[in-house]
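The next block holds one structure in the form of structure tokens; read it before the comments.
Residue numbers (my numbering), protein chains in the order written: chain A, 1 to 326; chain B, 327 to 652.
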């Protein structure tokens, strides 16, 4: 299977690494909005083209993986690219998934291509676990916790405050809330009960630290509803200890069965990821294999992880899967 | 969707309870090898028939759920019943899955029916989690832990010892092994490292307790490779404290990504189940919905959980799933 990458940032590099780990997958080309000669990729012998050259290389690629951002890139890029390629993205603005799905579905169907949107871990593996557990335990309650990991949006919000040079915000699940859910207590949890927010801030010289801290912890929507801790640190410490891209989280469903709902069950799925973009990329590459196969069977139009039978993700045959993994 | 149950033991009763929790599913009939009038079911107004009457009621049932044992019942019952019905079972003898699949597939195809074998949690949800995580992290290691829960086979083995009146054996995952896996250490774990075995035994009056204990802890295959604890208790205590059917377990995959495999990831799925048969039954009913739909689309032959797109398990539409669960 020949893969193309559109957009060579953290996610694009993650896809490149995932391709290396899958023997049946090959990187055919990288497309960038930058001047191609300025983009150095890791894989030897693979060409880098400008996005304007995509159409000329459409025949060389089985699935194009679109590695843009959900806010402005993907709503435009994925339907456009679906005219030329089978495509897959990691669109993660939950509220806009129906509209994005409709746009990509129309473009893909019209041009005889297949597409899959919102691959990754949330949306993606977390969504799958919510779906499976909801189908098994129709009477129950869902809980999703994120972290410990970096929230890009919250880090950006801090950086916009006057006197802030750099900032990183960690979302941290509250341990006692996790334990209460895990025990099957079905707790009612407020926003504040579920997550803590911890901020590491590099201030400009002479900035008013008390004022910055106050602006952070009282910021509506972002921090006011949470218990927030602010640490002021040096530029050196920031670079040394807060450059990571780790993330993760927990999905629970607790439910009851029995004639009188007398039995409790707890289903828990969790991820601890050293690299958020590399894990997301690894999910995407597995789903690229799946849609490539479905396309070979004649399928067109848009899909999500909900629509893909798990066996399609694996390079192994049905016989091998039944013998070794079932 | 109209469901039939073949075999009314713990699992059959679990299916009956699960049907009650799913508005789109209805119980149409229970088939038993016993005298039908001797079988009292929970649902009012639903007929109980002898297995000899199955053929006469084939048209009244969309999916027959076969609730027999894997050792001798299912290898015979499932292919036989697949001639008359769409069928689903929870066949759990891992080593014999390929042969069982082949027999059921042939019978179902020949008669225009669909079948699904090995639904439940292991095989079943645990298998799915192994498959997904293996596809995402091709370079990594799998760990499965069972318990805390009752092992029927090990309890039976103890009961066969001279002087034993009753016995229950709990399989317990070793907490330090779980923690080592969870931390991403990729430990090499022996059989003894992973699980403890705890036995509660009611002895015949005057039996040689030391001899019984010795026979248990040295029993090859069953106990010799484990750290095993034996407690002798009274009949009353046995009935009061050891009649439960709780179970559960953990599936991990730990793997690496990155150009030089520099990033570690831990995927963990766990179940804590008050009732093993009721949870298994709940999984089966969700998959019964899926194969009924696939049959309406014209599909025939045998499937496993690997072959079913998750959306088929849900009573919700694709639009609803994308809007609310993705």
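Each residue gets a CB set at the ideal place from its N, CA and C atoms; glycine is no exception. This one's a predicted model, so the numbers in the text were calculated from it and none came from an experiment.
| query | result |
| --- | --- |
| CA nearest to the CA of residue 20 of chain A, picked from A:306, A:185 and A:285 | A:285 |
| Backbone CA spacing between residue 181 of chain A and residue 193 of chain A [nearest angstrom] | 12 Å |
| Exposed unless 16 or more other CB atoms sit within 10 angstroms - verdict on residue 211 of chain A | exposed |
| Nearest-angstrom Cα separation, counted from residue 527 of chain B out to residue 634 of chain B | 43 Å |
| Partners in chain A for residue 612 of chain B, counting only beta-carbon separations shorter than 7 Å | 135 and 136 |
| Coarse secondary structure for residue 373 of chain B, derived from DSSP in three states | coil |
| Contact set for residue 452 of chain B: own chain, Cβ-Cβ below 6 Å, skip 5 residues either direction | 577 |
| Best match in A:175, A:120 and A:316 for proximity to residue 306 of chain A [C-alpha to C-alpha] | A:120 |
| Distance, residue 176 of chain A Cα to residue 118 of chain A Cα | 31 Å |
| beta-carbon residue 612 of chain B near the ligand NAP non-hydrogen atom, thresh 8 Å | Among the ligands in the structure shown, none appear at all, so the ligand NAP cannot be discussed. |
| Alpha carbon of residue 581 of chain B to alpha carbon of residue 205 of chain A, nearest angstrom | 43 Å |
| Contacts that residue 404 of chain B makes with chain A (C-beta to C-beta distance below 9 Å) | What residue 404 of chain B touches in chain A: nothing, since even the nearest Cβ is about 15 Å away. |
| Every unbroken beta strand (DSSP E) inside the region 380 to 442 of chain B [3 residues or more] | 389 to 392, 412 to 415 and 440 to 442 |
| Residue from A:288, A:298 and A:302 with nearest C-alpha to residue 311 of chain A | A:288 |
| Status (buried if at least 16 other CB within 10 Å, exposed otherwise) for residue 486 of chain B | exposed |
| Minimum C-alpha distance to residue 172 of chain A - residue among A:198, A:184 and A:186 | A:198 |
| Counterpart residues of residue 6 of chain A in DSSP-defined beta bridges | A:31 and A:66 |
| DSSP bridge partner residues for residue 253 of chain A (one or two, in chain order) | A:142 and A:267 |
| Segment contact flag, the region 343 to 359 of chain B with the region 291 to 303 of chain A, C-beta cutoff 8 Å, min 3 pairs | no |
| Own chain residues within Cβ distance below 7 Å of residue 558 of chain B, not counting five before or after | 527, 529 and 535 |
| Identity of the residues DSSP links to residue 275 of chain A by a beta bridge | A:245 |
| Cross-chain neighbours of residue 635 of chain B in chain A, by beta carbon under 8 Å | 306, 307, 308 and 309 |
| Below-9 Å beta-carbon distance, residue 548 of chain B vs any chain A residue | no |
| Backbone CA spacing between residue 372 of chain B and residue 351 of chain B [nearest angstrom] | 13 Å |
| Under 8 Å from the C-beta of residue 99 of chain A: neighbouring residues of chain B | Near residue 99 of chain A there are no residues of chain B at all, since even the closest Cβ is about 10 Å away, more than 8 Å. |
| Helix, strand or coil at residue 308 of chain B [DSSP, three-state] | The question about residue 308 of chain B has no answer here: the residues shown for chain B are numbered 327 through 652. |
| Bridge-paired residues (DSSP) for residue 515 of chain B | For residue 515 of chain B, which the question treats as bridged, DSSP gives no partner whatsoever. |
| Interface flag, residue 552 of chain B vs chain A, CB-CB below 9 Å | no |
| Chain B contact for residue 40 of chain A (CB, 9 Å cutoff) | no |
| Supposed contact pair residue 94 of chain A and residue 123 of chain A - C-beta distance, whole angstroms, cut 8 Å | 7 Å |
| CB contact below 9 Å: residue 190 of chain A versus chain B | no |
| C-beta atoms of residue 606 of chain B and residue 335 of chain B nearer than 9 Å | no |
| Closer than 8 Å at the beta carbon, the chain A residues around residue 449 of chain B | 326 |
| Backbone CA spacing between residue 584 of chain B and residue 383 of chain B [nearest angstrom] | 58 Å |
| DSSP bridge partner residues for residue 197 of chain A (one or two, in chain order) | A:171 and A:228 |
| Run of the alpha helix (DSSP H) containing residue 153 of chain A, from where it starts to where it stops | 152 to 159 |
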